[in-house]
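First up is the structure itself, then whatever we jot down about it.
In mature numbering (1 follows the signal peptide of the UniProt record, and there is no 0), the protein residues as written are -16 to -1, 1 to 373.
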């Protein structure tokens, strides 16, 4: 009778492991208060609101991934996406760069394996609107930036032009994504292409949806874009939602508004790939000012630092930096959920944390330590009986 339950140990262990994995792979989200709302933020979401899940720095290895990544890290990353989709029910997925750990170093044949891995990992999100912003690990830093590679990678993701930029509208919310890597570099063809996109979108927002007028024959006159710089009469915050991989430059005044979840840089943050990796890149002040003047963004979402940050620039523009969502980058990954209100009001931002890799590994080791002796234990009473006889 004392040992009758022991054959059920494997079933109990598997059931406990399944319950644990479901629990540990579900996100824990907390809304970040905005000082602009003064406590008037809606407590309930409206069906017409646009809920967007924003992730960054997936750092996928594709065909170069080892067994530990394939069987553990990538497995849990896929579960993070699946449970987040089921729990949060977002309307759209935005990826703010660095899908690949070192894609710019890979030949096209191996880069395809990264894209296929990305599609497997995001799983149910492939049925939703999806937009990907290019990061420096995807296309290389300035000394390795190639217009051919950028065009090739852009063609593998929806909504990107050959320069790695995109503009789209969903639920009356307008988005503009820019190839921030090109803006970080000096004079190059890609930078000029990105600046053309900035000024084109600036003119579109200034003119709104109004027609240019009719000619004497009643035909609609075609818009003519001149890409020389011009003054923007729009007010701050009246432009599109801006998506970038690199954060914008911050002044000392802006830093006083900073509400950082964590200011520490974890050891080994740049361990994916080879050599040191600069996580402090930001767009220079002149590029930042250029973007603010041209686009007057409603809100800015950036990434790269692998940390969560939420701050306001001196003109009142809010910038949210999305953390890394992979154990390849940090022990405690996370992501951001943004809710764009139907009345074009303030954007609600929630920070979602995920399980620490160290905690999950400790749980597995503990289970193994407990389970092995219990599986071996049934032979011990038999040995005692033989000894006593």
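For every residue, glycine included, the Cβ atom is placed at its ideal position computed from N, Cα and C.
None of these values were measured; they are calculated from a predicted model.
- Extent of the continuous beta strand (DSSP E) run through residue 94: For the purposes of this step, residue 94 is taken as the residue at position 110 of the chain shown. Not the beta strand (DSSP E): residue 94 falls in the alpha helix (DSSP H), residues 92 to 106.
- Message: In the DSSP assignment, the beta strand (DSSP E) including residue 153 goes from what residue to what residue?
- Response: For the purposes of this step, residue 153 is identified with residue 169 of the chain shown, where counting begins at 1. Secondary structure note for residue 153: its beta strand (DSSP E) is the uninterrupted segment 150 to 154.
- Does the region 116 to 127 come within contact of the region 76 to 91, defined as at least 3 CB pairs closer than 8 Å? At 8 Å Cβ cutoff, the stretches touch.
- Message: Considering just the uninterrupted stretch of the beta strand (DSSP E) at residue 34, what are its terminal residues?
- Response: By one-based count along the chain shown, residue 34 stands at place 50. Unbroken beta strand (DSSP E) run through residue 34: 34 to 39.
- Query: What separation, rounded to the nearest whole angstrom, lies between the Cα atoms of residue 177 and residue 307?
  - Reply: Numbered from 1 along the chain shown, position 193 holds the residue referred to as residue 177. Numbered from 1 along the chain shown, position 323 holds the residue referred to as residue 307. Rounded to the nearest whole angstrom, the C-alpha separation of residue 177 and residue 307 is 28 Å.
- Below 8 Å on the Cβ atoms is my guess for residue 152 versus residue 143; work out the distance and round it to an integer in Å. Counted from its first residue, the chain shown places residue 152 at position 168. Counted from its first residue, the chain shown places residue 143 at position 159. With 8 Å as the limit, residue 152 and residue 143 qualify as a contact, their Cβ atoms being about 6 Å apart.
- From what residue to what residue does the alpha helix (DSSP H) around residue 137 run? What you label residue 137 is simply residue 153 of the chain shown in a count that begins at 1. Residues 131 to 138.
- Query: According to the Cβ coordinates, are residue 310 and residue 42 closer than 8 Å?
  - Reply: Sequence index remark: in the chain shown, residue 310 carries index 326 (1-based). Sequence index remark: in the chain shown, residue 42 carries index 58 (1-based). The answer is yes: Cβ separation under 8 Å.
- Query: Mind checking residue 58: buried by the 16 CB within 10 Å criterion, or exposed?
  - Reply: Taking the first residue of the chain shown as position 1, residue 58 is located at position 74. The residue is buried, with at least 16 neighbouring Cβ atoms inside 10 Å.
- At which residue ranges does the region 43 to 91 contain complete alpha helix (DSSP H) runs of 4 or more residues, listed in the order of the chain? Runs of the alpha helix (DSSP H) inside the region 43 to 91: 58 to 72.
- Item | Contacting residues, own chain, Cβ-Cβ under 7 Å from residue 460 (five flanking each side not counted) | A question about residue 460 goes unanswered here, because the residues of the chain that appear run from -16 up to 373.
- State buried or exposed for residue 323, treating a residue as buried only when at least 16 other CB atoms are found within 10 Å of its CB. In the chain shown, residue 323 corresponds to position 339, counting from 1. Residue 323 is buried by the Cβ-count criterion.
- Query: How is residue 306 classed by DSSP in three states: helix, strand or coil?
  - Reply: Here residue 306 refers to the residue found at position 322 of the chain shown. Three-state DSSP puts residue 306 in coil, outside helix and strand.
- Nearest CA to the CA of residue 169: which residue from 230, 91 and 30? Position 185 of the chain shown, counting from 1, holds the residue named residue 169. Ranking 230, 91 and 30 by Cα distance to residue 169 puts 230 first.
- Closest Cα partner of residue 288 within the set 351, 330, 164 and 46: Taking the chain shown and counting its residues from 1, the one referred to as residue 288 is at position 304. For residue 288, the nearest C-alpha among the options comes from 164.
- Would you call the region 323 to 332 and the region 263 to 278 in contact, with 3 or more CB pairs under 8 Å? Between the region 323 to 332 and the region 263 to 278 there are fewer than three inter-stretch CB-CB distances shorter than 8 Å, so the stretches are not counted as touching.
- Message: Let's see if you can read the secondary structure: which residues bound the beta strand (DSSP E) around residue 285?
- Response: As a position in the chain shown, residue 285 is number 301, starting the count at 1. That run of the beta strand (DSSP E) goes 283 to 286.
- residue 121 - containing beta strand (DSSP E), residue span: Within the chain shown, the letter at position 137 stands for residue 121. Where residue 121 is concerned, there is no enclosing beta strand (DSSP E), although the alpha helix (DSSP H) around it starts and stops at 120 to 123.
- Put residue 230 into one of helix, strand or coil per three-state DSSP. The residue given as residue 230 occupies position 246 in the chain shown. In the structure shown, the three-state DSSP call for residue 230 is coil.
- Whose C-beta lies closer than 7 Å to the C-beta of residue 174 among residues of the same chain, with five residues either side of it excluded? Counting from 1 along the chain shown, the entry for residue 174 is found at position 190. In its chain, beyond the 5 residues on either side, 129, 131, 134, 147, 163 and 166 have a beta carbon closer than 7 Å to the beta carbon of residue 174.
- Message: Tell me which residue opens and which closes the beta strand (DSSP E) that residue 114 is part of.
- Response: One-based indexing of the chain shown puts residue 114 at position 130. Per DSSP, residue 114 belongs to the beta strand (DSSP E) from 114 to 116.
- Query: With a CB to CB cut of under 8 Å and the five nearest residues on each side skipped, what residues in its chain are close to residue 63?
  - Reply: Translated into the one-based positions of the chain shown, residue 63 becomes position 79. Excluding positions up to five away in sequence, the list reads 5 and 9.
- Query: Between the Cα of residue 72 and the Cα atoms of 15, 351 and 290, which residue gives the shortest distance?
  - Reply: What you label residue 72 is simply residue 88 of the chain shown in a count that begins at 1. The alpha carbon of residue 72 has as its nearest neighbour, out of 15, 351 and 290, the alpha carbon of 15.
- Message: I need the DSSP call for residue 343, collapsed to helix, strand or coil.
- Response: As a working note, residue 343 is residue 359 in the chain shown. Under the three-state reduction of DSSP, residue 343 is assigned to helix.
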